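Okay, structure first, notes after.
See below:
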């Protein structure tokens, strides 16, 4: 894995998200707890709603346009909605957020 340092955990509000520009494209970073982050595509597959502007709850995000809910672990839509968002490996190294740039690049090229 090729880890990219994308910022400090405090750059993302608790139960919030930020859109991060990386060398391989934009990725939404979600902070679900004091020391828990997820990385995923920013576009909802339904109407391309900006998921980084959605509501973060538990380990899920709700699209701000039409209330589709996605599991941030798997990217799967919840309930009756069908669809999936890309998810990417992300980890914390102390207070720094590291994103696997190789995985983001691979999925962006697909």
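Numbering (UniProt numbering), first residue to last: 1 to 110.
Heads up, the beta-carbon is just placed ideally off N, CA and C, and yes, glycines get one too.
All figures in this text were calculated on a predicted structure; none of them were measured in a lab.
Residue burial annotation: residue 31 is buried, with at least 16 other C-beta atoms found within 10 angstroms of its C-beta. Partner residues in the beta bridge of residue 3, as assigned by DSSP, are 100. Residue 36: member of the beta strand (DSSP E) spanning 36–40, first to last residue.
Annotation for residue 91: the continuous beta strand (DSSP E) segment containing it runs 90–93. Under the 10 Å beta carbon count, residue 92 is surrounded by fewer than 16 other beta carbons and is classified as exposed. Scanning 100, 34, 88 for the CA closest to the CA of residue 74 turns up 88. About 6 angstroms separates the beta carbons of residue 29 and residue 17, which is inside the 8 angstroms limit, making them a contact pair.
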